[in-house]
Every structure is written in C-alpha cells, then in structure tokens.
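Enquirer:
In our numbering, the protein residues as written are 172 to 884.
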C-alpha cells in the first residue's frame, strides 16, 4: 500500500516529516514518532520511513483519532514549517545580500543517520554534521555525494575474533531518500565518459533540514553490469575503481547540479576525493571561450579545499597510466597538453611519480584548510613542496578545527538538564561561552544522577543487543561473553570507539597486561573497558588489533572487564559517547588530524583521557579531563608507546580511579562531577559545528563569494 493511501489525511504530513532528517536532531519530532509506536521505533532503530512502511493502518487510524497525539503532531508541524521558512537565521541576518548564492559541498560519504548507512567513520560523520549545521544556520547549501546501495560493510566477529565484512543491500523504500524526477515523472540522469564508455547515474534527493543533499547512483539499466557496481560500496575495490568513482563524484557531481539548475558560487571539496570537480568547472568556462589560465583563475577563487589526512600515504594518488586512460581527450577540452594536465596533480610518491588528488586540489583551489591548529601546521610542512618558493609558515593552508553537531549528539536527558538550568534558548546560541557559565547552577547530584541513568541505558543497550542476537541464533556463548553482558554498571567504565587504524594504537593500554590487570580487578575500585570500531576490509594489521582485544575479552583472568561491541555505527556511537565514564584516545601524535568522538563525549559530560593531538591540544585546560604524556614526539615508536602507556597507567592509578570512587555520604563523587561540569562548560561552545560553520562561512565561503564576484567575466 502506498504511504499516501495508508496514512490518514489528518496526520498526512507525517510522511513529509519522515523524509526530512530534521526530525533526527529535533527532540519534539523524535518524540512524535516514539509516541506513534514505541516498540516499532526501537525495532527499526529510530527509522520513521521504515516505521511508516511497517506500521498497521489500524494503528495509524488510532493515532489520527487520539486528540493528544494530534495535538503533538500539529505542534511539531508548526515548528517544522517555521524552521523551513528560513527566516531570521544567522546567515540571513549576518549576510542579507548573499541569500541567493549557493555553497556546494562535495564529500565521498555523509553520516546523517543510521537509516542511511553511506558513511564509514569520522569523515562521513563530520560531513553529515556539517550539512545539519548549515541548515540550522540558514546557509544556502547543497551537498553532493554517492548513494551506496550496499553502503559500508557490516562488521561481524565470529568466535575466533577475526573481522568479517558483510554487505547488505539497502532497501531504498525504507530509507529517507527519493529519486529526483523530471516534470514527466522520469528519473533524471547525468552521464560521464569513463575510458570511452558513457556511464549514467541517477540522482537521489535527501532532505537535511532546509537544504538538499544529492546522491549519485550508477545502478541503472543503461549501464553495463560492471558500471552498475561502481557506486555499490564505499571504499572498496582497487585504484581503478577508485579513480572511476572519483571522476563520477567530481565531474558527475558538477553535471548533476547543472541539470538541476543549481549554479554554485562556492565549491567546497571535503578531502581530495572530489577534486576533479575543479577540472570540470574549468572545462565549462573553456568551452565558453576562456583560456585555461583565465578559467582556472576564476574557478580557483570559488574553490575551497579541506584536507583531513596528516600522513602522505593517506592521500589518493593514481598512476599516470590510469589518469591517461581515463582523461585521454579531456585535456584537449581544457585546452592544455597531456604533460600540463599530468603536472596539475604530479607528485613524487614513495612508489614513484603519480597524480595526487590533494596536490590537484591545493594547486587549483583559492583557499585550503586543515581541521585543527596542529593539523594546519602539519599540513603546511607536509605540502610545502607544492609552493617551493614559500617557507612552511607561508604555505597558504589555514585551519578550522572540527566540531560536532550538538543537537544530534547531546543525550536527551542532558538536553533536559540544559533546558532547565541554561534556559530554553540555550541551543540557538550554544556557541556562546557565557551561557555555559550557568552550569554552576546545576546541582552535583542532578548532574551525577543523569549520568548514571545514561550509563544504565548503555548497559541495557548491550544486553538487549546480545539477547536479540541470541534469540535469532547469530551469537554463540563466546560472543555473549565478549559483547558486554558481564560489565558492571557500578564500575568505572572507559570507552574506546573509533576506526581501527594502526596509528590509533587501540591496544596501547594492554602494553603492560599485568599492571592493567591490577587496575581492572581491584575489588574495591574496579575498572572496565569497552571497545568498538571497524578496520578497513583490506587492513590486515587493523583486523589483528581487533582480534587481539577480542581474545582478551574472552580471557577469564580479566574477569569480564573487557568488552568488544561489534558493528560500530552512529546508533551505537550515541550510546557510547553518552554512557561511559571516560573517553580514551591514544593516537600516535601528530597523526590524529582532529578527531570528533571525544568532542561528543565531552559535551555529554564525559571527560577525555587523550594524547595531546588533534582537537585535544586546543580543548584540554588542565581541569576538564586528562592529557596522556606531553607534546613530545619520539622518533622511536616503541619508546613512544612505552612512555604513553606508562602515562595512562599512572593517570588511572593516581588520579582517575581514586577521584571516581571518592564519594561523599550521599554517594556522589563531587570532584569527579566538577570535571564533568568543566568538560561541558569548556568544550560545548568551542567544539560544536555552530562555531565551525560560522568560521567556514566568514573565513572561507564569503571570501570566495566576494572574490568570484570581483572577477571580471
């Protein structure tokens, strides 16, 4: 049955609401769907589109006749309509003359909600948070990415602990997406030449609050089978698959916007994956009569590039033979030679000369930035060779430190505390540090009890996952043990959840197992550690780290104090960053460009225990968490690991564990609560996307708009 026929007219716009991800960060809208059918809300992992597909017509009729539900529905729809008017927002008040401009934001992945699994980790979550905050602040913004029908892989850990990748086809009818149609109801297509073949893509539309996100999908009848698979999965395949995807994203993405009648004033590339878009924009101007030099100057002023990777090997680079294969003839359309074209991205890699996507973006973008102050320094040093006449300090790469979308990541229970004590308008100006001074008015007991409730919620989530998997036969007894069922809700709980890349050193805390065991098994002051995260399917060392932790979680002498929760995703991430006691992060400095999971924990009152890398160099103030080691960087990795591991043990033994268990007669750890309070007060205004997007707008976007307007036609 079609949804329009199924949903009673009285609450008919609930369909429109379900297809706009605004509901996912709006408590009133989430409450409406929760009230509609709470068991189904939980079963679908908070996916309103799937809920409406599965809910019975009788249940919908019952809701339409329930005056309390209808009253709540009308209130939510009024709020929704008021938001969609896009009046009185920060952007329109600050830049009233720029409302007709468009900022196009290209990213390989977007982490918006678990119902749309087209993200793998931090880069995608950042893109999703960027899009949400752009909506909240009223930016004229459009996102461009890929619709991956199989998304990123689902992680499965059998009893031996070696990660297996499982790909599942997304049911498009149960996702908050719709195809873009022309006036005759036909799907709109774009096409790109890939090595002599025309490859077609349809366009999916996702509503992210006030703004659209368009996703390309090559799984269409016109394409050959191997081309239909091009956009099937995120980060899979060889270099040839990758270059084809990046051509489709960059060149195809520009063509998609053009066919939709969207002509951006700013082109923002989130990482180098979409850098071919600059070439397509230049090609368009060359066909209009501009020279390559004239066209590149114009497009450079409109282009913004953000780099996220502080390690040279992490940047996409393609052999010249591949570039020649896929761009033969394209350089003629640009009006340049083959040698000139290859030189645009030419860079000496460890394995030889290649076409580097970051180098292409840096050379042709007017503005470039790293994602933390330290990462900006690292990037200027790393890419100085692109500007060989510049000193490292003069390399034109600035920095804007990442943030997290506070409405998405703040716990509902914590949200209520802030409503009560900071005032109902706190969310609109949560980047104002003065508001957070009012946290002093929150009683210790209230803050502590809210945290305990979130911790119990986390433990309940672990148990429910295990129970449901046991019932459906997908867990054996070993997996029941490793998945958190033995965790103690009273014990100090450390959380470590992120991508399992080797530089993040997931197993560092196990370096002296005997010493750690004494810390974990103290009968008066027990400690436990929860791990979650995926290794890239091709990352064998990363998988080995997971297996090592998994085997320790089975170890009877660790007494159930270690757990590894498989298949880390956004849904689980919310529970973890809201419910553990301490957030552990120990990358090898300076290889963490920014990191955002610790920010999510911090705004929920969970102190960080972290290396002074990425954002924590800026966030740590001596009273809002703990710094592992200092800012020294050892040439010898083993010496660095020894030093940092010892620092973790000392902090746990001398400061963290004693403070957590130091309770007054009411059972409240007053000193610990003070660190929780300071974690929120100091980090919430600084490390939200509200501050971040305002900086992107004032420092990069508006400059690009004004520079491009000043360029003679």
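Cβ atoms here follow ideal geometry from the backbone N, Cα and C, with glycine treated the same way.
Could you tell me which uninterrupted alpha helix (DSSP H) segments, each at least 4 residues in length, are contained entirely in the segment 424-495, listed from first to last along the chain?
Expert: Correct list: 424-430, 447-458 and 463-473.
Enquirer: Return the chain-ordered list of same chain residues with a C-beta closer than 6 Å to the C-beta of residue 184, the five sequence neighbours on each side being excluded.
Expert: Around residue 184: 248.
Enquirer: Using 8 Å as the threshold, is the segment 322-339 in touch with the segment 731-746, meaning 3 or more CB pairs across them?
Expert: The answer is yes - the segment 731-746 touches the segment 322-339, with three or more Cβ pairs under 8 Å.
Enquirer: Roughly how many angstroms separate the alpha carbons of residue 203 and residue 195, rounded to a whole number?
Expert: For residue 203 and residue 195, the distance between alpha carbons rounds to 11 Å.
Enquirer: Are the segment 176-183 and the segment 359-374 touching, with three or more C-beta to C-beta distances below 8 Å?
Expert: No: fewer than three Cβ pairs fall under 8 Å.
Enquirer: Report yes if the C-beta distance between residue 221 and residue 345 is below 9 Å; otherwise report no.
Expert: Contact: yes.
Enquirer: Mind pulling the alpha helix (DSSP H) runs of 4 or more residues that sit fully within the segment 592-676?
Expert: Listed in chain order, they are 615-642 and 648-653.
Enquirer: Closest to residue 440 by CA distance: which of 460, 469 and 541 is it?
Expert: Residue 440 has its Cα closest to that of 541, out of 460, 469 and 541.
Enquirer: Pull up the DSSP beta-bridge partners for residue 277, would you.
Expert: DSSP, once it has assigned bridges, lists 315 and 440 as partnering residue 277.
Enquirer: Where are the beta strand (DSSP E) runs, 3 residues long or more, that stay fully inside the segment 345-418, in chain order?
Expert: Correct list: 360-365, 368-379 and 382-388.
Enquirer: Just to confirm before moving on: does the CB-CB distance between residue 289 and residue 317 stay below 9 Å?
Expert: Cβ atoms of residue 289 and residue 317: closer than 9 Å.
Enquirer: Put residue 541 into one of helix, strand or coil per three-state DSSP.
Expert: Looking at residue 541 - three-state DSSP - the assignment turns out to be strand.
Enquirer: Under 8 Å, with one C-beta from each stretch per pair, do the segment 256-267 and the segment 428-439 reach the 3-pair mark?
Expert: At 8 Å Cβ cutoff, the stretches do not touch.
Enquirer: Using alpha carbons as the reference points, say which of 223, 253 and 206 lies closest to residue 237.
Expert: Closest option to residue 237, Cα to Cα, is 206.
Enquirer: Considering only C-alpha positions, which residue in the set 763, 480 and 675 is nearest to residue 530?
Expert: The residue with the shortest Cα to Cα distance from residue 530 is 480.
Enquirer: Indicate whether the contact test is met: 3 or more Cβ pairs, each with one atom in the segment 390-401 and one in the segment 370-381, closer than 8 Å.
Expert: With a cut-off of 8 Å, the segment 370-381 and the segment 390-401 count as touching, because enough Cβ pairs lie within range.
Enquirer: Give me whichever residues DSSP pairs with residue 796 in a beta bridge.
Expert: Note: residue 796 sits in a beta bridge opposite 779.
Enquirer: Counting only the same chain and skipping the five closest in sequence on each side, list residues whose C-beta sits under 7 Å from that of residue 494.
Expert: The residues are 513 and 526.
Enquirer: Since residue 787 and residue 779 are thought to touch, with beta carbons under 8 Å apart, how far apart are those beta carbons, to the nearest angstrom?
Expert: Correct: roughly 6 Å between the Cβ atoms.
Enquirer: For residue 314, I'd like the list of residues in its chain whose CB is within less than 6 Å of its CB, leaving aside the five on either flank, ordered along the chain.
Expert: Counting only Cβ-Cβ distances below 6 Å, and skipping sequence neighbours, we find 276, 302 and 384.
Enquirer: Cα separation between residue 161 and residue 630?
Expert: With the chain covering only 172 through 884, there is no way to say anything about residue 161.
Enquirer: To the nearest angstrom, how far is it from the Cα of residue 759 to the Cα of residue 186?
Expert: Rounded to the nearest angstrom, the two C-alpha atoms are 47 Å apart.
Enquirer: Quick one: what's residue 154 bridged to in DSSP?
Expert: No answer is possible for residue 154: it lies beyond the span of the chain, which begins at 172 and ends at 884.
Enquirer: Going straight from the alpha carbon of residue 685 to that of residue 812, what length do you get?
Expert: Cα-Cα distance, rounded: 16 Å.
Enquirer: Which term fits residue 212, buried or exposed, when burial requires 16 or more other beta carbons within 10 angstroms of its beta carbon?
Expert: Classification for residue 212: buried.
Enquirer: Kindly confirm or deny that the segment 558-572 and the segment 603-618 touch, where touching means at least three C-beta pairs closer than 8 Å.
Expert: These segments do not touch.
Enquirer: Short check: CB of residue 855 to CB of residue 613, under 9 Å?
Expert: No, the pair does not count as a contact, with Cβ atoms beyond the cut-off.
Enquirer: Check this for me: beta carbons of residue 287 and residue 377, under 9 Å apart or not?
Expert: Against a cut-off of 9 Å, the Cβ pair of residue 377 and residue 287 comes out as a contact.
Enquirer: How about residue 201 and residue 583: are their beta carbons less than 9 Å apart?
Expert: Yes. Within cutoff.
Enquirer: To the nearest angstrom, report how far apart residue 341 and residue 405 are at their CA atoms.
Expert: About 13 Å.
Enquirer: Residue 520 bridges to which residues according to DSSP?
Expert: Its beta-bridge partners are 523.
Enquirer: Is any beta-carbon of chain B found at less than 9 Å from that of residue 441?
Expert: No chain B is part of this structure, which consists of one protein chain only.
Enquirer: Determine the closest residue to residue 379 out of 879, 255 and 720, with distance taken between C-alpha atoms.
Expert: Considering only alpha carbons, the answer is 255.
Enquirer: If we ignore side chains and look at the alpha-carbon of each, how far apart do residue 675 and residue 597 end up?
Expert: Cα to Cα, residue 675 sits roughly 35 Å from residue 597.
Enquirer: Can you pull the DSSP bridge partners for residue 569?
Expert: 540.
Enquirer: Counting beta carbon pairs with one atom in the segment 875-882 and one in the segment 469-480, are three or more of them shorter than 8 Å?
Expert: The answer is yes - the segment 875-882 touches the segment 469-480, with three or more Cβ pairs under 8 Å.
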